[in-house]
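*Asks:* Protein chains in written order, with my numbering: chain Z, 75 to 272; chain C, 75 to 272. Backbone N, C-alpha and C define an ideal beta-carbon position, used for all residues, glycine too. All values reported here derive from a predicted model rather than from experimental measurement. My questions all concern the structure below.
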DNA sequence: GAGGTAATGTACCGATAGGTAAAAAAATAT
DNA sequence: ATATTTTTTTACCTATCGGTACATTACCTC
């Protein structure tokens, strides 16, 4: 089985470039020319290696979840509800307003790509969100410090809602330090330091 | 000064049609053809009456704030922090997942229109958000039941963050009843029924 | 009526969108 | 060296993008 001409670029590095563009400009705001320029390859190479724009986006989203967004899955390894929540919320602040990254969250941005041609990309983002939330709910169900009357599903959804809100705020230009204050207040309210009701 | 040919459509009704399209499809996902079709007018009429796409969007956003989004300003008339927060958060649930409206929030969607050509529309949304948040902070500063150690600016930002999160959840397809549960849990956490610390 | 004025309908503009055909180039296999 | 395979390069495709020129129509004033 012969080899053919070798690929002149590193697909993972190219994916990282594509990720940055999609992250900054959103799915609908990114053209194929933006992508090929950033990736340093030409159009047929992109199609040959990654498929079309939709498929490239799906691969980019996967890479996002396993890279910049990996904190969300790792947070579930914390032993208590409190620590899981802290790591999720603080991680969202860093992800969306940290230095050197585009503002906001690629996933949240992609949910808002709601033009007629963006349905597949949007659905990919929604599926990804659902998977993350299911994992969070399962984790909360098994936590030792889950408050008695608390429904883990609703708590997971609220945590998800708060991280979503943080992403919107970051996308709207909220600076990192203010976002941290917001996050800490949310954590204090959700998980009071002593042991208050909810 | 003579009048010329009278306009054959109602500008406000046309704005409402445009609002619905922008709300459902987002700024970037909406084409001029989508707009003219929905508004029932042709292209030169649109440009003659509303300016270009950007200016039309600005007018639509204004109409959104004064129409479907008016609950946010009206919520500030409530006497207490608790009631202001309740009306804001519950209003966000109704706005973004209520029956008969497109999912999500036009403002939050527009913040995520971050392609190169969408900068003015995005900025209009951001300005609008800033104005709303400033009004909320001023209102909280004067509320009689603001907890002593509480910074009204941060509380306003957290409330804003929560309503943003609700909008994202709605845009992602979260059904209305689940969103209500999330909202009520957030309100309980933020403003405990008795008088706990935060 | 005639003239002025503003909105309408139609047809069009250059630019760019996502996507591809076909030939040239670089590797392996025999 | 030759044949085969795969990628790259270049050039191009149709459709649609936001925006407009121009002639026509409908109204008001005189």
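Given a threshold of 16 other Cβ atoms within 10 Å of its Cβ, counted over all protein chains shown, does residue 99 of chain C qualify as buried or as exposed?
*Replies:* Here the question's residue 99 of chain C lines up with position 25 in the second chain. It counts as buried.
*Asks:* In chain order, what are the residue ranges of uninterrupted alpha helix (DSSP H) at least 4 long that sit wholly in the stretch 115 to 201 of chain Z?
*Replies:* Those alpha helix (DSSP H) runs which fall completely within the stretch 115 to 201 of chain Z and span 4+ residues are 117 to 124, 127 to 140, 144 to 149, 155 to 171 and 180 to 185.
*Asks:* Between residue 271 of chain C and chain Z, is any beta-carbon pair separated by less than 8 Å?
*Replies:* In the second chain, residue 271 of chain C corresponds to position 197, counting from 1. Annotation note: pLDDT 47 at residue 271 of chain C (below 50); position unreliable, coordinate value reported separately. Interface residue, yes.
*Asks:* By alpha-carbon positions, which one of Z:213, Z:144, Z:131 and Z:78 ends up nearest to residue 154 of chain Z?
*Replies:* In the first chain, the residue the question calls residue 154 of chain Z occupies position 80. Comparing Cα-Cα distances from residue 154 of chain Z to each of Z:213, Z:144, Z:131 and Z:78, the minimum goes to Z:213.
*Asks:* DSSP state of residue 247 of chain C, grouped into three classes?
*Replies:* Looking up residue 247 of chain C in the second chain gives position 173. Residue state, collapsed to three classes: coil.
*Asks:* I need the DSSP call for residue 220 of chain C, collapsed to helix, strand or coil.
*Replies:* Stepping through the second chain from its first residue, residue 220 of chain C is reached at position 146. If DSSP states are grouped into helix, strand and coil, residue 220 of chain C belongs with coil.
*Asks:* Roughly how many angstroms lie between the CA atoms of residue 165 of chain C and residue 234 of chain C, to the nearest whole one?
*Replies:* Here the question's residue 165 of chain C lines up with position 91 in the second chain. Here the question's residue 234 of chain C lines up with position 160 in the second chain. C-alpha separation (whole angstroms): 12 Å.
*Asks:* Out of C:191, C:177, C:256 and C:157, which has the shortest C-alpha to C-alpha gap to residue 267 of chain C?
*Replies:* Position 193 of the second chain, counting from 1, holds the residue named residue 267 of chain C. For the residues C:191, C:177, C:256 and C:157, the minimum Cα distance to residue 267 of chain C belongs to C:157.
*Asks:* Do the CB positions of residue 187 of chain Z and residue 195 of chain Z come within less than 8 Å of each other?
*Replies:* The residue given as residue 187 of chain Z occupies position 113 in the first chain. The residue given as residue 195 of chain Z occupies position 121 in the first chain. Yes; because the gap between Cβ atoms is below 8 Å, this pair is in contact.
*Asks:* So, for residue 175 of chain Z: in the same chain, excluding its five sequence neighbours on each side, which residues have a beta-carbon less than 8 Å away from its beta-carbon?
*Replies:* In the first chain, counting from the first residue as 1, residue 175 of chain Z sits at position 101. So the list reads 97, 142 and 169, once near-sequence residues are dropped.
*Asks:* By Cβ distance, which residues of its chain are closer than 8 Å to residue 232 of chain C, with the 5 residues on each side in sequence left out?
*Replies:* Reading the second chain from its first residue, position 158 is the one you call residue 232 of chain C. Excluding sequence neighbours, residue 232 of chain C sits near 264.
*Asks:* Would you give the residue range spanned by the alpha helix (DSSP H) that residue 98 of chain C belongs to?
*Replies:* Locating residue 98 of chain C in the second chain gives position 24, where the first residue counts as 1. Note, residue 98 of chain C: alpha helix (DSSP H), 85 to 99.
*Asks:* Output yes if chain Z places a C-beta closer than 8 Å to the C-beta of residue 52 of chain C; else output no.
*Replies:* There is simply no residue 52 of chain C to check, as chain C begins at 75 and stops at 272 in what is shown.
*Asks:* Would you kindly check if the distance between the Cβ of residue 183 of chain C and the Cβ of residue 245 of chain C is under 8 Å?
*Replies:* As a first step, residue 245 of chain C must be located in the second chain, where it is residue number 171. As a first step, residue 183 of chain C must be located in the second chain, where it is residue number 109. For residue 245 of chain C and residue 183 of chain C, yes; Cβs fall inside 8 Å.
*Asks:* Relative to the alpha-carbon of residue 255 of chain Z, which residue among C:224, C:243 and C:237 has its alpha-carbon at the smallest distance?
*Replies:* Mapped onto the first chain, residue 255 of chain Z falls at position 181. Checking every option, the nearest Cα to that of residue 255 of chain Z belongs to C:224.
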